[in-house]
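So the protein lines, in turn, are chains A and B.
For what it's worth, numbering that gives the first Met the number 0 labels the leading residue of the first sequence as 0, then goes sequentially.
For what it's worth, numbering that gives the first Met the number 0 labels the leading residue of the second sequence as 0, then goes sequentially.
Here's the structure we're looking at; comments come further down.
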Amino acid sequence: MKFIHAADLHLDTPFVSIQNFSKQLQNDLRKSTYSAATKVFNTAVRQHVDFVLLAGDTYDNTERSLNAQEFLKNQFQRLKDNDIQVYLIYGNHDYYRNDFSAIKFPSNVHVFSDKVSTEILNTHDGTKVGISGFSYYKQHIEEDKVGEFPARENVDYQIGMLHGSQGISGEYAPFSLDGLNSKAYDYWALGHIHKREILQRDPYIVYPGDTQGRNLNETGMKGFYVVSVVNQQSQLEFIPSSTYVWERTSVLVDQADTLDSLNQRITTNLAVDVPTLFTIEFSNAQRLNPEIIRSIERGDLLNYLPQTELGVVYRIDLNYQPEKKLDSIDQRYWDDAAEQIFDLDDIKDFDHKLYNLDIIRDHIDSPEFLNNIKQLAQSTINKKFIGEKN
Amino acid sequence: MKLIRVKIYGFGKWVDQEFVLDRDYQIIVGDNEAGKTTFLTFIQSILFGFASGRGIQRFEQYRPKHASSYGGELEFVDEKDVHWIVRRVDGKGDGEVSIFRDAQEVPETMLSQIIGDFTKDDYQQTHVFNDQTIRSLFDLNEDKLETEIMSLGASGSKQWLEMASELENDSSNIYKARGIKQPLVQNIKKYQQLQKDRASFKNQQQEYITLNHDLDSINNQLDNCQQNNAELTSKQQRHQQLVEKIPKFRELQMLEAKDLGIKTEITSTDWDQFVRLHQQIETLQTSDQQRADNHIDRDEKALLDNYYANQADIDFMGQRQNDIQNILFEIDHLNEDLRKSDFQTDNLRQQNPDLTDTMTSMDQSEIDQLKTPLPKGHKIYYLGIILILLLLLWVVPATIAKIIPVIGLIIVGFGFYDNKKVTDQAAQIKQTNRSILDKHNSSGIELERVIAIQPQINALTDFKAEQHQLEEKIATKSAELKKWLDLSRKVRVINANTVPQDLIGDMNWYFTQLNKIQAKQEVIKQDELRRSQIMQSSEQDLQQLNEQLQILLSKYHVSSIDKFISEHNDQQNNQNELNQLKADQDFIGDDRMALEQIEDLEQYQTDLLQLNQQIKDNSHQINDLLTQKGYLNSQLKQVFVDDAYQKVEADLVQTRADILDQYDQWLANKLAGDWIKKMLDLASENRYPKMLANAKKYFLTLTNGNYIDININKTKSLILVRQDKVKFDVHEISRATRVQLYLALRLAFVIEINPIVDLPILIDDAFVDFDETRLKNIYQLIEDISKDNQILFVTTKVDANMPKTHVLSLEGK
């Protein structure tokens, strides 16, 4: 038997800061989540899988998802025509609300409710498969849902579908590997984390990641897994599905660089096999001539880059390093000060108006936040420092 | 490290110079422009690199004008008595540097053994003191100076502080809690507005469900209506069928009510015979009548007989009637022309009374002859000559005068001869003219007049010729006419006394009469023919025919022809009605039952109208429903089109990204500023206690023993203790004292970091404004400090307090 495990299709994801791209590229980007989803369903048909698991966040936004629903209905109908079942749970992005699923899906689609339940399915090769899961009916689930999963049913292969993040506590159905292992399932189909990761191999606990990178931080080729099970042994095959890949590339610059040479350095990096959106990071930007820095900050370089077939520059970041470490005589004090200054609670207290804004609150709560801010502060000081000297 | 030797290859005004320096401190004295500052700059340049040629720095480049090589070397000795030489010469970037340890060249990176991690800026901010350092302190306000003093625990504190305040400024350019214009504030406002906009969109799914529900309901109604319509239509068709049959049904009922039994029937043979007989009788009767109408009387007979007797001539006349009319017309025309010509002749005569009919026209030669002028005599010339001669007699000498009479006589003689010849010629011309005039019967008229009326003579002649011609033509035509007249009379087409003018009228009348009579004759002939035909076919005459007809009538007991015909008509009608009855029965067929059931047949009509109305209403309803359905369908499609929403959503996401970017930058700026300040605080806090021991000593010296102690209280403020034990905080002391405090602390800081960086302190005339006592204290201070850190002090003033052994004079170098 064979099935597909995909998650976080995020249909209808809007893309940020693409207004300077050609209309064609903007359009293709907006459609990219659909293209990736289509690839999932095409693969299902081509590889004659028994069923498809969609582990949450299929829609980016449930408020207006008719087009996505219509799209899914048609795709699911296709799967039905090919005798393929679909098991779908809703995640934190597309948590279930009244009147949300306006378009009815065909009968091969099994949508889980907010209570953990189990569907039984007999595959073409006679494997009896149990699939347990639940959907989000609210944006955050802090309680332990793993406990609600039933013990392994009387089946040949048991799958758990879970949209959540690993941890002792959290807003997204927190779980631990021990908790999952205690259920003695054969496969845990996870969703929510966009970075592809196999948390454990025996039994498999898998984040397939999203099917299409949605911003500059979601780098690398995205996709989903085709799982083949022979004698209860699972074999995973990763199928790439990104129409556009996000990449971050660091380019070391020095004082001899001109706009032309920078242009060339970037261009050599753009030779790629798949359509790719690059975030170019100029390291050692402090070595550049201030005129060139100003020019880059004005967007001159970004606007005059040659268009290549596949590689497109999405953004150029300037990263300033200290020429030497901050004066070594004071280094100890810099470090001590940093420890006191970069404090999340203090940052939250800085400005209530800002912290009351949900997006800023979420932003501050993201795990990389503090580190990013520290780097940015460091870079800012480094930039000022060269500003002083020049 | 102690700097013990300075060797300059070329730097500013210095070329190939070597200085040996004291290890503790060296006072270097020289006038303005002696090259003191150049000397100190040289030391910095060799250590940290030549200044670049750009910006303000180019003034510190000191590229020598006259020397071939740029740069030089510094020789240091460390506490282990190892000698280090730093050599820097012209090269790429900030110069080409080479390092020698105890005369062994070592890698360039070994430079850090001497300067540590210090940059030129670091060095200048800690070890270098000049008048600018002092002046900038005086320029600071109290708070700033205090801040600066308080943060002296870190290297480059002044710059760091400036940067921190700049960062704070940058940060509030992005966002201020109560700001309005800052981009982050604006974006937050935009974001909140966009959220409101998004909320104002209808719930798409709900709309879709509602619309679908409405659509289902419409479809149901539509089905009902369409079914209803089908029923009504079939009913309508049935009614229509019946209504159409009602007139025939009524007819049927009427026909059935009639007695249409068979009566005496006139056989079709008899009827045919009757018709034939009846026709024949009628024909014969008509023919009799026509014969009576078309009788030809005696006169007519006579005319006809005459015609047949002269048929060839009369027909010929008939054919040539037009020609005859033409002749008459031509004669009239010619007479008219003649009258016109006569009138013109009369006119000509009236205008020229002297014109006679006998005058004939002359040819051109005759006219020329008549125009010949008469010759003239020359008597006057001859009389003139005689007169001249007579005058000459009085003038000329006598001898010559004798011949004058002779000449006179000759002239007189010649004159007479000439006169006679002229007279003869004139007589001859007159004679010729007269004969010409006679020839043309024109004598008695003036010669000129004769010539003048020549054209009129010609015209008159032409008119006369024309008249003659016309008269001849008239005669011919008249003769022709006469021939026709005679013929007409002869064949009695016209009366004997008919005048030519009436000829045509009479001829016309004659031919009309003739035609009329001939037509009558033809009718009579035709009638005769028909009659004989009837007679021939029945071989019966009218009488017999009538008898046969009577027999036929009596057979059917009918008294008259009209009755027989009427009887036959009745019989025919009866048959027709029977046929109609049969047709109606066939037409109505099975519907008879339905029609007989209902009492009032009009009811069907009423019902049909009602049905029609119902169907009409129903189809209106269907149309309405279809319109609604179409509308709902298009609305349903519209629900899927959510470009406006997507636009808001895209804006929202973009704004969110912008907000986060700006927030990060705002926060990074803010935190960077805080970080710097925190670092300064920490550094000062840690170093101050140790620094204070030295600083206290320096401050005591600098204030000439006035301040004896520096402490730090719990709030991390400096407390200064005067010699009278009175305590002051920094705000309370004079500005000059504050500057001395700053210097004390800064020098103490250099001593504090001496274990990390051991480079000479460079003082460039920093205390030029100090008074005698203070200067003395400065030298004392230099001596104190130099125990811990080497000092190079340059000044213009040679001072009595200077320890002579440490003075290096630049004069004469």
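Positions of the beta carbon are idealized from the N, C-alpha and C atoms, including for glycine.
By DSSP, does residue i sit in helix, in strand, or in coil?
{"i": "residue 243 of chain A", "result": "coil"}
{"i": "residue 491 of chain B", "result": "coil"}
{"i": "residue 807 of chain B", "result": "strand"}
{"i": "residue 710 of chain B", "result": "strand"}
{"i": "residue 9 of chain B", "result": "strand"}
{"i": "residue 2 of chain B", "result": "strand"}
{"i": "residue 134 of chain A", "result": "coil"}
{"i": "residue 773 of chain B", "result": "helix"}
{"i": "residue 195 of chain A", "result": "coil"}
{"i": "residue 391 of chain A", "result": "Given that chain A is displayed from residue 0 to residue 389, the structure contains no residue 391 of chain A and the question cannot be resolved."}
{"i": "residue 642 of chain B", "result": "helix"}
{"i": "residue 5 of chain A", "result": "strand"}
{"i": "residue 15 of chain B", "result": "strand"}
{"i": "residue 166 of chain A", "result": "coil"}
{"i": "residue 145 of chain B", "result": "helix"}
{"i": "residue 752 of chain B", "result": "coil"}
{"i": "residue 477 of chain B", "result": "helix"}
Can you list, in chain order, the residues of its chain with a C-beta nearer than 6 Å to that of residue i? Leave out the 5 residues immediately preceding and following it.
{"i": "residue 274 of chain A", "result": "243, 309"}
{"i": "residue 105 of chain A", "result": "75, 76, 79"}
{"i": "residue 371 of chain A", "result": "none"}
{"i": "residue 95 of chain A", "result": "89, 134, 136"}
{"i": "residue 319 of chain A", "result": "284, 285, 378, 381, 382"}
Going by beta carbon distance, what residues of the same chain come within less than 8 Å of residue i, once the five residues before and after it are set aside?
{"i": "residue 366 of chain B", "result": "450, 453"}
{"i": "residue 355 of chain B", "result": "440"}
{"i": "residue 148 of chain B", "result": "717, 729, 737, 740, 741, 744"}
{"i": "residue 19 of chain A", "result": "301, 302"}
{"i": "residue 668 of chain B", "result": "166, 167, 169, 170, 173"}
{"i": "residue 224 of chain A", "result": "3, 4, 5, 205, 207, 235, 236, 237, 238"}
List the residues of chain B that residue i touches, going by C-beta distances under 9 Å, in chain order.
{"i": "residue 69 of chain A", "result": "639"}
{"i": "residue 47 of chain A", "result": "Within 9 Å Cβ-Cβ: nothing; residue 47 of chain A doesn't reach chain B, min ~32 Å."}
Residue i versus chain A: which residues are under 8 Å apart at the beta carbon?
{"i": "residue 658 of chain B", "result": "356, 358, 359"}
{"i": "residue 662 of chain B", "result": "353, 359, 362"}
{"i": "residue 694 of chain B", "result": "Result: empty, since nearest Cβ-Cβ is about 18 Å, beyond 8 Å."}
Against residue i, what residues of chain A qualify as contacts under a CB-to-CB distance less than 9 Å, listed in chain order?
{"i": "residue 644 of chain B", "result": "62, 63"}
So residue i contacts chain A; which residues on that side make the cut at Cβ distance below 7 Å?
{"i": "residue 208 of chain B", "result": "98, 101"}
{"i": "residue 677 of chain B", "result": "336, 339, 340"}
{"i": "residue 153 of chain B", "result": "329, 332"}
{"i": "residue 788 of chain B", "result": "Going along chain A, no residue has its Cβ under 7 Å from residue 788 of chain B, so there is no contact; the nearest lies around 15 Å."}
Which residues in chain B sit within 7 Å of residue i, going by Cβ to Cβ distance?
{"i": "residue 350 of chain A", "result": "176"}
{"i": "residue 22 of chain A", "result": "Those within 7 Å of residue 22 of chain A in chain B number zero; the least Cβ separation is about 14 Å."}
{"i": "residue 372 of chain A", "result": "663, 666, 667, 670"}
Between which residues of its own chain and residue i is the CB-CB distance below 7 Å, once the five residues before and five after are set aside?
{"i": "residue 490 of chain B", "result": "309, 312, 313"}
{"i": "residue 320 of chain B", "result": "506"}
{"i": "residue 389 of chain A", "result": "Any reading at residue 389 of chain A must be qualified, since the residue scores a pLDDT of 37, below 50, and its modelled position is unreliable; the value itself is stated next. Here the set comprises 289."}
{"i": "residue 324 of chain A", "result": "Note that residue 324 of chain A has pLDDT 49, beneath the 50 cutoff, so the model's placement of it is unreliable and the number below is only indicative. Around residue 324 of chain A: 330."}
{"i": "residue 108 of chain A", "result": "75, 85, 87"}
Which residues in chain B sit within 8 Å of residue i, going by Cβ to Cβ distance?
{"i": "residue 380 of chain A", "result": "162, 166, 671, 674, 675"}
{"i": "residue 16 of chain A", "result": "653, 656"}
Are the segment 31 to 43 of chain A and the segment 139 to 146 of chain A touching by the rule of at least three beta carbon pairs closer than 8 Å?
-> no
Inter-stretch contact at 8 Å, needing at least 3 Cβ pairs: the segment 218 to 235 of chain B / the segment 566 to 577 of chain B | By the Cβ rule, the segment 218 to 235 of chain B does not count as touching the segment 566 to 577 of chain B, because fewer than three pairs are nearer than 8 Å.
Residues in the segment 101 to 118 of chain A having any Cβ partner in chain B nearer than 9 Å | 101, 102
Using 8 Å as the Cβ pair cut-off and three pairs as the minimum, do the segment 100 to 114 of chain B and the segment 30 to 41 of chain B touch?
-> Under the 8 Å Cβ criterion, the segment 100 to 114 of chain B does not count as touching the segment 30 to 41 of chain B, having fewer than three qualifying pairs.
Quick one: which residues of the segment 92 to 103 of chain B get their C-beta closer than 7 Å to a C-beta of chain A? List them in chain order.
-> none
Determine which residues of the segment 3 to 15 of chain A have a Cβ less than 9 Å from any Cβ of chain B, and write them out in chain order.
-> Cβ proximity to chain B below 9 Å picks out 11, 12, 13, 14, 15 from the segment 3 to 15 of chain A.
Three-pair Cβ contact test at 8 Å for the segment 82 to 93 of chain B versus the segment 43 to 54 of chain B | Of all C-beta pairs linking the segment 82 to 93 of chain B to the segment 43 to 54 of chain B, three or more are shorter than 8 Å, placing the two stretches in contact.
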